[in-house]
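Q: Before I ask anything, let me first share the structure, which is written out below as structure tokens.
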DNA sequence: TTTATATCAATTATCTGACAAATGGCTGGC
DNA sequence: GCCAGCCATTTGTCAGATAATTGATATAAA
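Next up, the structure:
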């Protein structure tokens with residue numbers, strides 16, 4: 003079993019190994035994976051552990067398994083893209099600019115509306131949490147603390163402040179995507195340091211209950227980033243300085 | 003084991019039974035579920051089948067299980083709300099107006115942007131599929147075919163026409179939510195028959211590549227429904243005539 | 001008393017080997 | 001050529017045993 007997955011139990015290791023293989027396209031949708039028996043032998047583990055791994059991947063929508071037919075990769079539309087594991091495997095397998103753009107296209111829609119909802123909701127605790135994160139961003143500009151963590155927290159806290167469970171759940175999705183993106187794109191200082199002012203602008207709108215203002219502030223912030231990605235895409239540059247917003 | 007879950011294999015039955023129990027709040031987050039041994043006894047099945055069910059629920063984010071600690075319900079924010087099973091269990095457990103509103107709040111954001119993307123993308127096949135669904139809606143108005151299926155297909159096909167895998171994946175989420183909502187809300191004729199014109203309006207905008215027009219057409223359609231829900235919420239009426247758009 | 005260490009017990013994790021059930025394909029009869 | 005029934009393959013389920021993890025408890029040391 004892979005060295006990188008040690009520390010987890012056998013089932014988890016196999017889940018991640020197979021998950022990555024599938025996400026990377028080593029097994030294509032429609033393809034059959036090795037049978038349970040083969041997997042046992044290949045990874046040197048028992049059938050129970052193997053089956054439990056297969057059940058977990060089934061639960062995440064990556065595969066199906068039926069008697070006689072064996073184990074098959076599902077079509078991508080069935081994958082639970084919003085499962086943090088699945089998303090991580092996919093992003094790590096192919097951290098392309100294309101996918102970053104597709105992710106940003108979704109994020110724009112969600113965060114724009116979330117900002118408006120948060121402004122309308124006026125949940126004091128939730129807004130205080132956003133404020134905290136903003137403060138941490140400011141401090142981080144002066145070199146204290148982690149700017150990335152503060153940035154992520156800011157966006158997550160806006161989603162939380164909607165008090166809408168669907169938006170809240172999307173927090174973990176966005177968090178995963180951001181962390182992976184960050185790890186795989188070397189960021190340039192200029193991009194993120196410039197952003198505090200934008201974030202403050204967005205926060206102010208939410209704080210004063212200005213839904214329309216919050217919505218457009220969010221949209222403005224992200225369309226900048228999206229435009230950057232799209233210009234890189236058309237000029238075929240590497241994703242070096244494309245980063246979080 | 004429940005009669006309603008027969009036809010599936012034992013593991014699947016237990017997954018659904020426990021999933022529903024958790025979603026309905028019979029086991030609260032933080033609570034411990036019965037141990038593996040107890041579950042085996044309670045449902046009269048072997049430990050393998052039980053463990054596989056537990057692994058599947060773990061994969062969906064509903065529970066964790068660790069030696070000595072046992073099986074515990076996760077906090078709701080960890081649940082994979084976008085997993086069709088999980089969403090179904092939740093919606094069926096408590097099909098409240100509140101949740102319908104929260105769902106619509108998300109749907110509005112997503113479909114609005116999806117309409118714009120579809121308009122910009124101009125995928126001929128994708129647009130043809132939307133047109134097909136629209137046609138089926140029209141025919142259904144005259145009593146031929148299923149209006150609900152056509153309606154759902156229309157919205158799913160817009161998501162597909164974005165060619166963005168994230169939006170496409172949300173299709174199965176929205177589909178599940180719509181089906182459950184429909185099953186649990188008795189719809190009034192007047193609401194859905196009025197909607198063909200709106201849908202046509204949205205389609206036309208997409209077809210001619212008018213992203214802004216598509217976006218606002220979608221928003222208009224859904225804000226109507228959302229307003230209806232919110233008025234019902236404030237007047238505490240039952241969700242009888244709130245329906246799909 | 002406080003702190004560190006060893007032991008214990010409850011629970012999940014894994015292994016083994018067997019049998020049951022489902023199902024795609026083959027074979028033989030018509 | 002078509003259909004029924006058999007067969008082999010693969011997953012589904014069962015039973016029972018042992019290993020690993022870990023919170024709690026008891027014990028020993030400072």
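Protein chains in written order, with the working numbering: chain A, 3 to 247; chain B, 3 to 247. A virtual CB, placed ideally from N, CA and C, is assigned to each residue, including glycine.
#1: Given this structure, state the Cα-to-Cα distance separating residue 104 of chain A from residue 46 of chain B, to the nearest angstrom.
#2: Go ahead and pull the three-state DSSP assignment for residue 233 of chain A.
#3: Quick one: which chain B residues come within Cβ less than 7 Å of residue 54 of chain A?
#4: Can you tell me whether residue 138 of chain B is helix, strand or coil according to DSSP?
#5: Report the residue ranges of all beta strand (DSSP E) runs contained in full by the segment 9–90 of chain B; include only those spanning at least 3 residues, in chain order.
#6: Quick one: grab the DSSP three-state call for residue 146 of chain A.
#7: Terminal residues of the continuous alpha helix (DSSP H) containing residue 107 of chain A?
#8: Straight-line CA distance for residue 78 of chain B to residue 229 of chain A?
#9: Once the 5 residues before and after residue 86 of chain A are set aside, which same chain residues still bring their CB inside 6 Å of it?
#10: Give the DSSP-derived three-state secondary structure of residue 94 of chain B in the structure shown.
#11: Comparing C-alpha positions only, which one of B:172, B:75, B:156 sits nearest to residue 198 of chain B?
#12: Taking the C-alpha atoms as reference points, what is the distance between residue 204 of chain B and residue 216 of chain B?
#13: Can you tell me where the alpha helix (DSSP H) with residue 209 of chain A in it begins and where it stops?
#14: So, helix, strand or coil for residue 164 of chain B, using DSSP?
#15: Keeping to the same chain, check which residues put their C-beta closer than 6 Å to that of residue 58 of chain B; ignore five residues upstream and five downstream.
#16: Can you tell which of A:113, A:145, A:7, A:164 has the C-alpha that lies nearest to the C-alpha of residue 131 of chain A?
#17: Decide if residue 71 of chain A is buried, meaning its Cβ has at least 16 other Cβ atoms within 10 Å, or exposed.
#18: Taking 7 Å as the threshold (beta carbon to beta carbon), is residue 84 of chain B in contact with chain A?
#19: In angstroms, rounded to a whole number, what distance separates the CA positions of residue 221 of chain A and residue 214 of chain A?
#20: Indicate whether at least one CB of chain B lies closer than 7 Å to the CB of residue 168 of chain A.
#21: In chain B, which residues lie less than 9 Å from residue 74 of chain A when you measure between Cβ atoms?
#22: Between residue 104 of chain B and chain A, is there a C-beta pair that is closer than 7 Å?
#23: Can you name, in chain order, every residue of its own chain whose Cβ lies under 6 Å from the Cβ of residue 116 of chain A, other than the five neighbours on each side?
#24: By the 8 Å beta-carbon criterion, what residues does the segment 38–53 of chain A contribute toward chain B?
#25: Using the beta-carbon of each residue, which ones in chain B are nearer than 9 Å to residue 78 of chain A?
#26: Give every residue of the same chain whose Cβ lies closer than 6 Å to the Cβ of residue 138 of chain A, excluding the five residues on either side of it in the sequence, and list them in chain order.
#27: Mind checking residue 171 of chain A: buried by the 16 CB within 10 Å criterion, or exposed?
#28: Return the residues of the segment 114–144 of chain A that lie within a Cβ-Cβ distance of less than 8 Å from chain B, sorted by chain order.
#29: In chain order, what residues of the same chain lie with their CB nearer than 7 Å to the CB of residue 121 of chain B, ignoring the 5 residues before and after it?
#30: May I ask you to report which of helix, strand or coil DSSP gives residue 212 of chain B?
#31: Would a C-beta distance cut-off of 7 Å place residue 182 of chain B and residue 90 of chain B closer than the cut-off?
#32: Leaving out five residues on either side along the sequence, give the residues of the same chain with a beta carbon under 7 Å from the beta carbon of residue 63 of chain B.
#33: Anything in the segment 196–225 of chain A with a Cβ closer than 9 Å to a Cβ of chain B? List those residues in chain order, please.
#34: Check whether the Cβ of residue 158 of chain A lies closer than 7 Å to any Cβ atom in chain B.
A: Let me lay it out:
#1: Each residue's Cα considered, the two are about 47 Å apart.
#2: Secondary structure at residue 233 of chain A: helix, using DSSP grouped into helix, strand and coil.
#3: Those within 7 Å of residue 54 of chain A in chain B are 53, 54, 57.
#4: Helix, per DSSP.
#5: Whole beta strand (DSSP E) segments, 3+ residues: 65–68, 72–75.
#6: Annotated three-state conformation of residue 146 of chain A is coil, per DSSP.
#7: If you look at residue 107 of chain A, you'll find it in the alpha helix (DSSP H) that goes 99–123.
#8: So the alpha carbons of these two residues sit roughly 35 Å apart.
#9: Counting only Cβ-Cβ distances below 6 Å, and skipping sequence neighbours, we find 174, 178.
#10: Here residue 94 of chain B sits in helix by DSSP.
#11: Of the candidates B:172, B:75, B:156, B:156 places its Cα closest to the Cα of residue 198 of chain B.
#12: Rounded to whole angstroms, residue 204 of chain B to residue 216 of chain B spans 5 Å at the Cα level.
#13: First-last of the alpha helix (DSSP H) with residue 209 of chain A: 197–209.
#14: Under the three-state reduction of DSSP, residue 164 of chain B is assigned to coil, being neither helix nor strand.
#15: Excluding residues within five positions, the ones whose Cβ falls inside 6 Å are 17.
#16: Closest option to residue 131 of chain A, Cα to Cα, is A:164.
#17: Residue 71 of chain A should be labelled exposed.
#18: At least one CB atom of chain A sits nearer than 7 Å to the CB of residue 84 of chain B.
#19: Cα to Cα, the separation comes out at about 11 Å.
#20: By this cut-off, residue 168 of chain A is an interface position.
#21: Those do not exist, as residue 74 of chain A stays about 17 Å from chain B at its closest Cβ, beyond 9 Å.
#22: Chain A places a beta carbon closer than 7 Å to that of residue 104 of chain B, counting this residue as a contact.
#23: The residues are 160, 161, 164, 169.
#24: Taking 8 Å as the Cβ-Cβ cut-off against chain B, the residues of the segment 38–53 of chain A that qualify are 50, 53.
#25: Those within 9 Å of residue 78 of chain A in chain B are 167, 170, 171.
#26: Excluding sequence neighbours, residue 138 of chain A sits near 147, 152.
#27: Classified as buried, residue 171 of chain A has 16 or more neighbouring CB atoms from the shown chains inside 10 Å of its CB.
#28: So the close ones are 114, 115, 116, 119.
#29: The residues are 207, 208, 211, 212, 213, 216.
#30: Looking at residue 212 of chain B - three-state DSSP - the assignment turns out to be coil, as it is neither helix nor strand.
#31: Result yes, Cβ atoms of residue 182 of chain B and residue 90 of chain B sit closer than 7 Å.
#32: Closer than 7 Å at the Cβ level, and outside the excluded window around residue 63 of chain B, lie 76, 80, 81, 82.
#33: Sequence-ordered contacts of the segment 196–225 of chain A with chain B are nonexistent [C-beta pairs closer than 9 Å].
#34: No, residue 158 of chain A lies away from the interface with chain B (no Cβ there is under 7 Å from its Cβ).
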